[in-house]
Amino acid sequence: MPHRFTRRDALKLAGLGIGAPGLLAGCASRPEGVASWSMWSSSPEEAEVWADFSTYVEQQMRIRSVPNLTPSNGYPTKLDLQLVSGTASLVTAINGQLLPTYAARGALRPLDDLIATDPDFDAADFYPTIRAISSFAGRPYMIGFDVAPNVLYVNKTLLAERGIAPPSPTEPMTWAQFRELAIELNAPPERYGFTCTLEIDDLVSWIYSAGGNVMNADATAGALDEPEAMEAIDFLVGLFARDKITPPIANLIPTNSRANFMEGNVAFMQNGPWQVVNVRKAEFEWDIVPFPAGAAGSTPRVSGSGFAIPAAVEGADLELAWTLLKTLTSTDALNIYAAAGRNNPARYSAGSAFQPPPANVGIVQRILAGELAGGHPFEVTTNWNQVKQMLNQDLPRGFLGQLTPAEVVTGLTPRLDVLMTQHQDNVRLAELRK
Amino acid sequence: MTTELTRKLVVFACFLVTAATLIPVVMMVIVAFQSDAESMAATPSFWPESWHPENLERAFDLVPLGQYLLNTVIFAGGTTLLETATAALAAYAFARLEFRGRGVLFGIYLATLMIPTQVTLIPQFVLVAKLQGIDTWAGMIIPHAFTALGVFLLRQFFLGIPRDYEEAARIDGANRWQAFTRIILPLAVPAIATLAVFKFIGQWNNLLWPLVISNTDATRTIPVGLQAFQDTHGTQWNLLLMAATVTTVPLIVIFFLTQRWFVRGITMSGFGGR
Amino acid sequence: MNGGWRDLEEGDVAVQTVPRTTSPPGPPPPRRRRRDGQARAAWLFLLPSFIGFAVFTAGPVVAAGVISLLDWNLFSPPTFAGLNNFWRLGDDPTFWSALVNTAYFTLASVPLTIAVSLALALLLNRGLRRIAVFRSLLLLPYATITVAVAFVWIWLYIPTGGLVNAALGLVGIDGPAWLVSDTWAMPALILMSVWKGFGFGMVVFLAGLQAIPQQLYEAARVDGASPWQGFRSITIPMLSPSFFFVIVTSIIGSFQVFDQALIMTNGGPGTGTTTLVMYIYRTGFENYDQGYAAAQSLVLFAFIAVITGIQFLLQRRLVHYDN
């Protein structure tokens, strides 16, 4: 088995690389304070990664690093409480989906002035998609640390059993090709063609690939009733309700899709590459291929997360926070992240997170770099929790076959338009607050 | 029907009922012993293909369950002791002593039960933060040791104790405190034990408060620790359920061992009896 | 079992009667002379509880009340909104459907849970050693952490392959789609909640049953009454104070149902299982509309307070106490 570039290796390299100049730099005055930062972390594997980050921070900044780790389910609630009570860390991790939510309400500090006056910070080293996700109203509010597009997982064992060649590792299938293949492999109840969640998070990749969007260009109204979005909704819902190539829907729990795939009797799964670390436990051979290409190409949603600075941080703390932020998102730190194999780092210069086996997992980095297929940054509103909640309430009716896609969209469009109006209100209020 | 046959029937009925009721719990234990792949499947099978007793060790290895167990005992025990003690005193006042505003005050106590904790979470947290109580035992235990449930339960119970006992004690020259400690409390042992059970179990399983108050493993409790098996991208069912099983067993054992405090109270007469 | 008990006589201190768990207050005989002393003693007894209660329990509740008059998104300074948050409720169909869902849940689960608790308490109310084992085992559903059992129940409810439909299939019933069905999602939640919650009432009723003096039953038997008559005229009245406590706390608790609904159905399908507290939580923590969430919880409080008040009034007539 080829030697895997482990976290330890990255740490050693980082240490060596920094150690020498660090010793020289250490002759300058030792910085004061404590580098506190918040991050979500549930499993022990994640905790190890953040422990390594912590070590790196202490090596780099030569002050104590205090990571404030919270299980992912409770992270937003705890962050909210800490921000309200003024006990938040200097730097806090933010999920890209919630960035406009926090930024518009004044919880985070815009970073454009810090970036502009800092010659050491290389903003261009970050993928354009994560830079888009990190901005609100034209200003950056977070610096990305991971980013990834949705991909298609393939159960190669299942395909091989039917004597079917796996799809191209670099050329995305067309929707028609994908559907044909999935139908061919579908033989309920022993085998199913495809699985994904019933939520907007997965549907939106199809909408983007068809050239549509959840909202119109200036985010003033919903756009799910536009022909492009309808084509995507019709297609995906059709896979469930008409073609019936998906496992039966037992409940609305999102993790079912991966659970179904792991059973070994589903040919394709749509998911993020962050599941690679779990899917590696599968007892069959699998790989990933680019997301199927629609009318606008293969442009699934690209999501990411980053670190931000709470609005209340100022003065000497601000300097410390900015240094900490740069450290946590530096190439060496992100190499540690990459070595953990959990998700793709947000920088061009950082290593790839996904090393073979299987052979094709490395395409994630290539997709981000624009070398093949493509992606569309996940566009969300300042009230995305509400939009998501509303959409996820209504969409399952289509997937369950209770309503046609057109009926589902007609039913939710008025409410979506109201939410978009409220989003614009939030944007306006944020402008006034500046 | 002979008493013997009735007894056997009762035991049999108990057995049947318990077996049926515990099916979900049994399933939980079964999945706890499954392999990773099997437990992550959409429909875990009722009988595992392979049996993995090492999951027990793995659960303890991955997460400092021993530390969390201790912390949970401190948290649940601390809140239970504090609430039981203060509630017993306050309940006596509400049940036995007259003072102006008694009804209104009791109403206020009751009213706080009707406001969901999700809404008082922010004020409570901000208050604890201002008092520098974040990530401290005091900050974790004290805010949750003064709910109205204990006062309500014990007040109802004390009301049911005939006043004649205290009258008799008073006639014998005891003061109010002695009447409370020597008459009321011993009679109230089943109620106090009941309150202690509910409070202990409730705080043992309390997820939200320990999650937001404790920042390090030194104060983390089990429910927060169980989240370790549940990251954003999936859950390790076998280990989670193994940890959940292991950490529920102490509760049941404690309840079993303290059963005698729930049955008939201390006899006061010289006639023997139980 | 009981030895030779004398007959009950009024004011008989020597008889061992363990008090019942609850009883409403009767009018106390006037003791004007000792009233001042009582008030002072009362405040001494109350102080430890009251200090903690006022600061950590009542204080946050008052704060929530204040927040309901504000427009606050947690991160920006709040603005005064007066009663605006309350008027908004009129236009909010989700709030009312959440209220209806919660009322449905309460009306179904509270009687069922109490019935099961009582039945089991009656079954287990014996001194046999083995019964203690069953009593402890039956507390497992109540004691087990909600997250773990909620997911086990999700698996039990899987339409094809889950145990519930398998069991129904054995008696020839074609089970519904449970958690994705509009009609059956709430019953699914109710069943799970009854299973999870009966332990509470069971323990309280057991304590109450233990408090009923055995000689009442013996006297009834001697008088020729059947076990059923004994149950009706002794057990039920003597247990009514426990009933009262369990009903009040169960209703208060079930109006605030949250955890299992969030995990098992996330409020769906549609808004079919969205409960009030779930909606309040979402409003406050996901939609960052703190004032509105606080207003909703005050309305919820009003509902529960009225219902509890009615129960307190009824108990004067229906709850038997013996003093």
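Chains W, A and V are the protein sequences, given in the same order. Our numbering applies: residue 1 is where the first sequence begins, and numbers increase by one. Our numbering applies: residue 435 is where the second sequence begins, and numbers increase by one. Our numbering applies: residue 709 is where the third sequence begins, and numbers increase by one. Each residue gets a CB set at the ideal place from its N, CA and C atoms; glycine is no exception.
For residue i, the residue or residues it bridges with in DSSP
i	result
A/Pro596	The partner list for A/Pro596 (beta bridge, DSSP) is empty, contrary to what the question assumes.
W/Val289	W/Leu152
W/Phe126	W/Arg347
A/Ser648	The partner list for A/Ser648 (beta bridge, DSSP) is empty, contrary to what the question assumes.
W/His376	W/Arg301
W/Asn95	W/Ser305
V/Leu752	Beta-bridge pairing links V/Leu752 to no other residue.
is_contact[residue i, chain W] using C-beta, thresh 9 Å
i	result
V/Trp886	yes
V/Pro895	no
V/Thr957	no
V/Glu994	yes
A/Leu496	yes
A/Ile556	yes
A/Met669	Note that residue 669 of chain A is Thr in the sequence shown here, rather than Met. At least one chain W Cβ lies under 9 Å of A/Thr669.
Exposure label - residue i; buried when at least 16 CB within 10 Å
i	result
V/Gln964	buried
A/Leu439	exposed
V/Asp882	exposed
V/Ile988	buried
A/Ala572	exposed
A/Gln566	exposed
W/Val34	exposed
V/Thr1016	buried
A/Ser648	buried
W/Arg105	buried
V/Leu914	buried
W/Leu114	buried
V/Asp967	buried
V/Gln937	exposed
A/Arg694	exposed
A/Thr681	buried
N-terminal and C-terminal residue of the beta strand (DSSP E) that residue i is part of
i	result
V/Gly798	No beta strand (DSSP E) contains V/Gly798, which DSSP labels as neither H nor E.
W/Gln270	266 to 271
W/Thr70	65 to 70
W/Ser36	35 to 40
W/Gly193	192 to 195
Host alpha helix (DSSP H) of residue i (start-end)
i	result
W/Pro405	405 to 433
W/Arg301	First-last for W/Arg301: 301 to 308, but that is the beta strand (DSSP E), not the alpha helix (DSSP H).
W/Trp206	200 to 209
W/Trp175	175 to 185
V/Ile959	944 to 962
V/Ile898	893 to 918
A/Thr514	499 to 530
A/Tyr543	536 to 547
Chain V contact for residue i (CB, 9 Å cutoff)
i	result
A/Gly607	no
W/Asp394	yes
9 Å Cβ cutoff, residue i in contact with chain A
i	result
W/Leu334	no
W/Arg258	yes
W/Met262	yes
W/Val302	no
W/Asn383	no
Touching by the beta-carbon criterion (3+ pairs, under 8 Å), the region 196 to 205 of chain W and the region 351 to 365 of chain W: no
For the 8 Å Cβ check, are there 3 or more pairs between the region 159 to 166 of chain W and the region 327 to 346 of chain W? no
Closer than 8 Å is the cut-off here; do at least three beta carbon pairs connect the region 991 to 1002 of chain V with the region 385 to 395 of chain W? yes
Meets three-Cβ-pair contact criterion under 8 Å: the region 166 to 173 of chain W and the region 288 to 298 of chain W: yes
Can at least three beta-carbon pairs, one atom from the region 139 to 159 of chain W and one from the region 99 to 111 of chain W, be found at a separation below 8 Å? yes
Short-range partners of chain C found in the region 646 to 660 of chain A, where Cβ spacing is below 8 Å: Absence of chain C from the displayed structure is noted, the protein chains being W, A and V.
Measuring CB atoms only, is the region 408 to 428 of chain W touching the region 376 to 383 of chain W, in the sense that at least three cross pairs come out at less than 8 Å? yes
Taking contact to mean 3 or more Cβ pairs, one atom from each stretch, closer than 8 Å, check whether the region 916 to 927 of chain V and the region 944 to 962 of chain V are in contact. yes
Under 8 Å: do the region 1011 to 1026 of chain V and the region 540 to 557 of chain A share three or more Cβ pairs, one atom per stretch? yes
Can you find at least 3 beta carbon pairs, one from the region 81 to 94 of chain W and one from the region 303 to 315 of chain W, that sit closer than 8 Å? yes
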